[in-house]
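Q: Could you have a look at this structure, given as structure tokens, before my questions?
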Amino acid sequence: MSAHLPVLQVLIPLLAAPFCVVLRHRDIAWAISLITSLVCFAISLMILDQVLTQGVISYFMGGWPAPWGIEFRIDVVNAYVLVIVSAIGAIVSLYGRHSINKEIPRNQIYLFYTAYLLCLTGLLGMTATGDAFNLFVFLEISSLSTYALISLGKNRRALTASYQYLIMGTLGATFYVIGLGLLYMMTGTLNIVDLHNKLADVDGSLRTFQAALAFLTVGLSLKLALFPLHLWLPNAYTYAPSTVTAFLASTATKVAVYVMLRVFFTIFGVDLFEETGVPNIIMILAICGMFVASTVAIFQENLKRMLAYSSVAQIGYIMLGISFLSVTGVSAGIVHLFNHAIMKCALFLALGCVMYRVGSVKLSDMHGIAKKMPWTMGAFVVGGLSLIGVPLTVGFVSKWYLINAAMEADMMPVAALILLSSLLALVYVWRVIEVAYFRAPKTESNIKEAPLSMLIPLWIMAGASIYFGIDTDMTLGVAELAAEMLVGGTP
Amino acid sequence: MMDRKPILRVTAKIFMPFILLFGLYVQIHGDFGPGGGFQAGVIFASSFILYALIYSLHDAKLVLSSVALEIMAAIGVLLFAGTGVVSFFYGENFLNYNALAHDPIHGQHYGILIIELGVGLTVFSAMTLIFYTFAGRGR
Amino acid sequence: MEALDFISPGLYNYWIVIFLMMAGFYIVIARGNLVKKLVGLNIFQTSVFLLYISMGKVQDATAPILGEGFDTFSNPLPHVLILTAIVVGIATTALGLSLVVRIREAYGTIEDKDLLELEDETS
Amino acid sequence: MFIAATIAILIAMALGLVRALLGPTIYDRILSGNMFGTLTIILIAVHGFLEGRPEFLDIALVYALINFVATIAVLKYFRIKSPDKNETLQGEEP
Amino acid sequence: MILDVLSWIFLLLGGAFVIIGAIGMLRLPDVFSRSHAAGMVDTFGAGMIVLGLMLQTGGINLILFKLVLILFFIFFTSPAANYALVRAALADGAKPILKEGVDLQSSEKEEGAKPL
Amino acid sequence: MSMELSILLSILIPIIGALLIAVTGKIPNLRESVTMITSVALFLNVLTLLGPVLDGERPELQLIEMFPGLTIGFKVEPLGMMFSLIASGLWILNSIYSIGYMRGNNEKHQTRFYICFAIAIAATLGLAYSSNLLTLFIFYEVLTFSTYPLVSHKGDENAVKGARTYLGILVTTSVAFLFFAIAWTYAAAGTLDFVDGGILGGNVEGPMLGLLLMLFIYGIGKAAVMPVHRWLPAAMVAPTPVSALLHAVAVVKSGVFTVVKVIVYTFGIDNLVNSASAGWLVYVSGFTIIAASMVALRQDNLKRRLAYSTISQLSYVVLAAAILTPISAIGAALHIAAHAFGKITLFFAAGSIYTAAHKTEVSQLNGIGWKMPITMTAFSIGALSMIGLPPTAGFISKWYIIQGAVSSDNFVALAVIVLSTLLNAGYFLPIIYAAFFKKEEDRKDDHHGDHGEAPLPIVIAITSTASLTVLMFLFPDVALELAQQMIGGAQ
Amino acid sequence: MNLRRSVTLWIILYIFWYILSGYHTPLLLTFGAIACTISVWIAHRMDVLDQEGNPIHLTLKIIPYWFWLGGEIIKANFELAKMLLSPKLEISPVMFKMKTELTNELDRVIYANSLTLTPITITVEQEGDELEVHALTVKAAQDILGRDMERRVKNINDGWEG
Ligand code: NA
Ligand code: NA
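Residue numbers (the numbering used here), protein chains in the order written: chain Z, 43 to 533; chain V, 77 to 215; chain U, -5 to 117; chain R, 9 to 102; chain X, 71 to 186; chain Y, 386 to 876; chain S, 1447 to 1608.
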């Protein structure tokens, strides 16, 4: 069976989803999604192992060779992303049961798990596939289920948030398909590696490449919420059910970034990509995003919204790293992909616990909460420190690499800007710490610590954001391999 | 309601069986041209939606209930993905149907037929379901 | 026929594509009514279908289906792609519409402007 | 000759679009939308001939069906959804 | 050859009527009168073009049959859609622009029906 | 006991202490006993390292290697040895004093106070033993954050405002400048280890070296070189034991300690002398000395006057290091110790006056010397040390600094020292004069008119620190030996 | 279930299938049979299998009517085209209600649709024996009231009792 791992990775959640519909019971649906996501995680680890030991895995649907058949092609880069997505998926499933039972109407819970599994399918599919159009299909599977998941939020604003995301997301996906269509006209293929090979022979003007790349970039930027195309994100993250927010924040945008890496480095290649001038634009937008979003985050009263803006800023870091076009920079971007997924997951899971017990994640409702929920807030602090980039947390590792990439490129001011924006992160994290730890509770209430079934996944993530801040062999090692491969131009 | 709209009702009545059959035709002949399942699903769903529009949602649900549709959608997905899995057990890649019959040509045909059936079922039930919720909520 | 070259397949298509793109995009951005935005979105997506239709003859790839007495299509790929894109488009529209219905239920309006006011009140 | 027909259809589509934009009532727009749909079907059919791709006829048929269903659906939707009749009839919101 | 010429004539005629109908859409004063023009495009214009295509199929075959289906479909659904539209407009309170002072009764023949 | 274990214990003992304090928080006597035992144990543990270090050994402990070239590790060198001795030794006295002060003033949140205090000490020792800049940076930040609750201890609006200024300035400068400088150093030298003779020689040159030095100096906000001194007066909202911690035991000492370490082990004195890009530092620190003294002259609030005195005294250390001669470097090291003993005495005295007489202003101190003879005698000894007169420690350190300035013909430095000595005398001698030779004014609204000496623990503490100030003058051998060893390596 | 109508519908559908299919292999023909059965079954469930929904009784007589109607459509279209192209848009729209003599609901629908298919007149509402018609010219309105078309529709259905 090990030969079929790439397709099983995507197929298992897809097959599991209908069972949730047919069986209809919320606990059974939860059990299905938990088992499925654990299996997915195991498979992703096996795939990573295979890739690291045997090199690139190529799997052709139906046995037809490229470019006709759809290929699942897994190298270090996407093996790594598969691990991230499925790990977060497993943690979130483990965590979600109580939170979902509380936040979602009873008769819709089985639909929630169905949509969740479909979303997982889409994200894993996007990552695993080697066909650019197939990627679009998976993108839409994940997007559609995401819209559904967001709309399940309790507040009625979840509906408008979902609608807003639907409009922006669809625009993004359509831009992507247009860009892809232009590439297809030039090359006649949709296979990513094939595209790379054939683009080299196309003697089109720079204009045509720019046009195609522009469409692809704008489309993907919408999906990954690159400033200033992030407008859908704050509402979506704020009003979605807590579990969904945690899942989306740590997977959806990450996968979109991965796709962008593929487009930039695998399809176009560093040289052509650099020639188009797009990297400079991305760098500027990334830096603007880091500052604007962090600044806005400081003024948020709703913590989910605060973290949402922080995500926009963090995406800025990732894109900044990529825009350096150097091994160090791209490594920084890729490792931050992983690191940010972990820390944001921890943070949103912590907020999920607060939501579960307090019923609100507004700062004004959290005075002195650390006394009542020490473990939850402890994990929040760990995540927050990581967000700031404090040494011994994952956030430090990526920021260190990022700054080094800037220094390497002789861009001292950029390095300084990275640090200054970390200060903004410090301000918004500190606001929470001060309120949670140093303010007296407004009213006497009998808020208890969150249940263990939520705390354990939360602390797995919090622990991971410390562990991988100290032991960087795995994350950095793989990220560097991936970056070398992408920047080195070997598809 | 239905008695007051004879023009629409009669038009729908005459067309309904033909639309349904056309849907099935597209479904079965899908393997001669790609994408049959989807088109068939759309056509089939359109006929149900038309029926619900001209008669009523209640009437449409009597013909096919939401629960039945949800289960059909699920079966559709299972058919689609499950067929591919079968090929594993013959040591072939996912979606490789050469294994499904004695000779590869027929194997592929059966495979595609079943897959398209899955797609058609899913598309049909998903579209109809969405319409049901949409129309059911709108008053 | 040379005078009419501008409408020969390969050129006039692109003008339509561009026009539809612009029109759809404009409607999505400028319209305040949620349904109209969806209509705009659909028009925008339609431009993609046209784009893919107009490249029907780009390459001479053959269908990966084994022949059995009947001919294979010259290049079925765009065909498949369009259909897929249409499925996605329809699914998106349907989901969008059901969201609009629920928004109407929750807020009593589907105008952007009114929604913003209502949200400001509650938040 | 196919091309002449194509041009005619495109011109008609453009004129229909003008009406759709002018309105003034929602029904004018639906009417031209429906006409636009029919013209699209014909265009697909003619285009199929032009390109030697008769399989486009299937698409045309499906499109015709959807066009019809969509028109009925939209009419039903808008009639139900306009508690204030004058507003709908004036079409354009201020 | 004759079929060809006939086909061209149908195509041109269809094209012409499609355009004329579209012009009618623009010129006519209200949604009720415009629906006449729309019907013209939907049925006659479209029908002529499809007829023209039918003559190009070169014999009785599947393509011809599908074109017939399209034709049938258009002819059956167009009046229904048109009716649904006009009825909806009327029910919504739209007032048709009518010529005033017309007395259909006066010019009526003996055995004719009476307008209510 | 192995030396590795001693190093580890130096950090672990206060942390374990903090945990025990948390556990025993409900029983004040037990809690305070834990504090005392911990501080004594720590001091004894630190003492075990002194012998080997004096014998020329440099015990090392590598804790974590995050990635190649970036480690969390410790290495005890003479300067760090001296600093750790000061910090752990003064902690004992400060604990004694704290018990008297906190109980005497009925302060709230005492458990939190002792916990944070212990953590701050742990951070200080970690900082003192750091073998590289990154480790140092981490403990530097831990120190900042662990002292925040101490500074904002009173919890009223004023305290929170002051604490925020404290945190804001220290963190901002450390992240924006210090961390940036560290990253730059790493990018240039490929290592962050403290090495005899520095690591930057040949890597960064000319004006860039000056710029880097500037980033370090202003990044080390704890050294309070103007204009980043604002946090120090702002932190005067803290209770007196905390002020003592800030001014004498840990915080500002960490600042100047870091400055000396960076100049000696990162830049290398020779390297800086050769490149002549450190000249500006003499002026900047000189200006700070004079300006802060003049501000101190105008302060009526006793603690504020002491605060500005600290700013001025810290710049002595910076100036001494900036003179860039071995002798002045010895002076710098000695001045860290001398100022520690002197200033803690002065703060203890201020707190003692507050506890016993509830007086905070200089103008209220007329005749107080007769009511609180021990306190005011100790105060006088501290003041003499600040001015640099025998028989106090301040004389010795100042002597070395002057020698350095003379030997390098640095007349600017010399002039600054002479002028500032006059100014120091100008703001300290009037206090002593008023305390002993002016008559107390009769004030009817003063309910605390009748008071005697402060509580016993305070008296014990203050006597001990004053004695240390004198003892260091009489027996400067150990301190001198350590300081010389530090320089010995650099030559 | 109306067995006669079900069977006839099945047969008609199967012919439809046979023509559409093009590939007359046993497999596809079997599929066709299944498809027709499913369609009839659903149609039955939808309750569309009555004389309105499956008007097989009209098959022969309606064809001459179609030819006649075709002629009318052509005439009316040219008339409307002339009106639309003339610089002065000479229209005189009228709308009126009338009672039809047709007794059968299906006939009424055929009549109403025929009116709509020929330009210049459209049916706005048809309910029971009452018809509301919009005409672009007074003359067209008067033609309707002349009842020529109505009689022809009545003829199609002559002799059949529903
Ligand atoms: Na008519
Ligand atoms: Na008509």
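Glycine included, each C-beta is placed from N, C-alpha and C at the ideal position.
Note that the coordinates shown come from a computational prediction; the quantities given were computed from them, not determined experimentally.
1) Taking one C-beta from the region 430 to 443 of chain Z and one from the region 395 to 409 of chain Z each time, how about it: are there three or more such pairs within less than 8 Å?
2) According to DSSP, which residues form a beta bridge with Asp1496(S)?
3) Does the distance from the C-beta atom of Val219(Z) to that of Ala79(U) stay below 8 Å?
4) If we define contact as Cβ-Cβ less than 8 Å, is Glu1551(S) a contact residue for chain V?
5) Within a Cβ cutoff of 6 Å, which residues of the same chain sit near Ala407(Y), ignoring the five residues on either side of it in sequence?
6) Can you give me, in chain order, the residues of the region 15 to 46 of chain R that have a beta carbon less than 7 Å from any beta carbon in chain X?
7) Are the beta-carbon atoms belonging to Ser700(Y) and Ser670(Y) less than 8 Å from one another?
8) Near Gln342(Z), which residues of its chain fall below 6 Å by C-beta distance, leaving aside the five closest residues on each side in sequence?
9) Taking the alpha-carbon of Val469(Z) as reference, which of Leu166(Z), Leu362(Z), Ile489(Z) and Phe333(Z) has the nearest alpha-carbon?
10) On the DSSP letters alone, give me the boundaries of the alpha helix (DSSP H) that Arg689(Y) sits inside.
11) Counting only beta-carbon separations shorter than 8 Å, does Ile104(V) have a partner in chain X?
12) Excluding the five sequence neighbours on either side, which residues of its own chain have a C-beta within less than 7 Å of the C-beta of Met21(R), listed in chain order?
13) Report yes or no: do three or more beta-carbon pairs, one from the region 591 to 599 of chain Y and one from the region 649 to 664 of chain Y, lie closer than 8 Å?
14) Which word fits Leu56(Z), buried or exposed, when buried means at least 16 other C-beta atoms lie within 10 angstroms of its C-beta?
15) Using the beta-carbon of each residue, which ones in chain U are nearer than 8 Å to Ile112(Z)?
16) Can you tell me whether Ala1581(S) is helix, strand or coil according to DSSP?
17) Evaluate Trp569(Y) with the Cβ neighbour count: other Cβ atoms within 10 Å of its Cβ, from every protein chain shown; 16 or more gives buried, anything less gives exposed.
18) Please determine if the region 131 to 138 of chain V and the region 111 to 119 of chain V are in contact, where contact requires at least 3 C-beta pairs separated by less than 8 Å.
19) Using a Cβ-Cβ cutoff of less than 7 Å, which residues in the same chain neighbour Leu502(Z) once the five nearest sequence positions on both sides are dropped?
20) Identify every residue that forms a DSSP beta bridge with Ala515(Y).
21) Hey, Leu213(Z) and Leu264(Z) are a contact pair by Cβ (cut 8 Å); roughly how many whole angstroms apart?
22) Going by DSSP, name the residue or residues bridged to Ser100(Z).
23) I need the boundaries of the beta strand (DSSP E) containing Thr1569(S), first residue and last residue.
24) Got a sec? Which residues, its chain only, sit under 7 Å from Asn795(Y) by beta carbon, not counting five neighbours each side?
25) Where does Thr86(U) fall in DSSP's three states?
26) Against Val54(R), what residues of chain V qualify as contacts under a CB-to-CB distance less than 7 Å, listed in chain order?
27) At least one CB of chain V closer than 8 Å to the CB of Leu28(U): is that the case?
28) Give the interface partners of Met1492(S) over in chain V, defined as CB-CB distance under 7 Å, in chain order.
29) Helix, strand or coil, according to DSSP, for Val1540(S) in the structure here?
30) How many Å lie between Cys387(Z) and Val424(Z) at the Cα?
31) Measuring only between beta-carbons, confirm whether Phe207(V) sits less than 8 Å from chain X.
32) Considering only their Cβ atoms, is the gap separating Val101(X) from Gly79(R) smaller than 8 Å?
33) Which residues of chain Y have a Cβ atom closer than 7 Å to the Cβ of Leu518(Z), listed in chain order?
34) May I have the straight-line CA-CA distance separating Leu1449(S) from Thr1546(S), to the nearest angstrom?
35) Using beta-carbon positions only, say whether Ile802(Y) and Ile787(Y) come within less than 8 Å of one another.
36) Applying the 10 Å Cβ sphere with the 16-neighbour rule, what's the burial state of Phe289(Z)?
A: Taking the definition as stated:
1) no
2) BP columns for Asp1496(S) are empty, so no partner.
3) yes
4) yes
5) Ile500
6) Ala16, Ile17, Ile19, Ala20, Leu23, Gly24, Val26, Arg27, Thr33, Tyr35, Asp36, Ile38, Leu39, Ser40, Asn42, Met43 and Thr46
7) yes
8) Met348
9) Phe333(Z)
10) Leu687 to Ile708
11) no
12) Phe44 and Leu47
13) yes
14) buried
15) Within 8 Å Cβ-Cβ: nothing; Ile112(Z) doesn't reach chain U, min ~10 Å.
16) strand
17) buried
18) no
19) Note that residue 502(Z) is Ile in the sequence shown, not Leu. So the qualifying residues of the chain are Ile133.
20) In the sequence as presented, Ala is not what sits at residue 515(Y); that position holds Ser. Looking at the DSSP assignment, Ser515(Y) forms a beta bridge with Phe459(Y).
21) 6 Å
22) Arg115(Z)
23) Thr1567 to Glu1573
24) Val667 and Ile708
25) helix
26) Residues of chain V passing the Cβ test: none, with the nearest at roughly 20 Å.
27) no
28) Met92, Tyr127 and Val139
29) strand
30) 12 Å
31) no
32) The sequence as given places Thr at residue 79(R); Gly does not occur at that position. The answer is no: Cβ separation not under 8 Å.
33) Phe452
34) 33 Å
35) yes
36) buried
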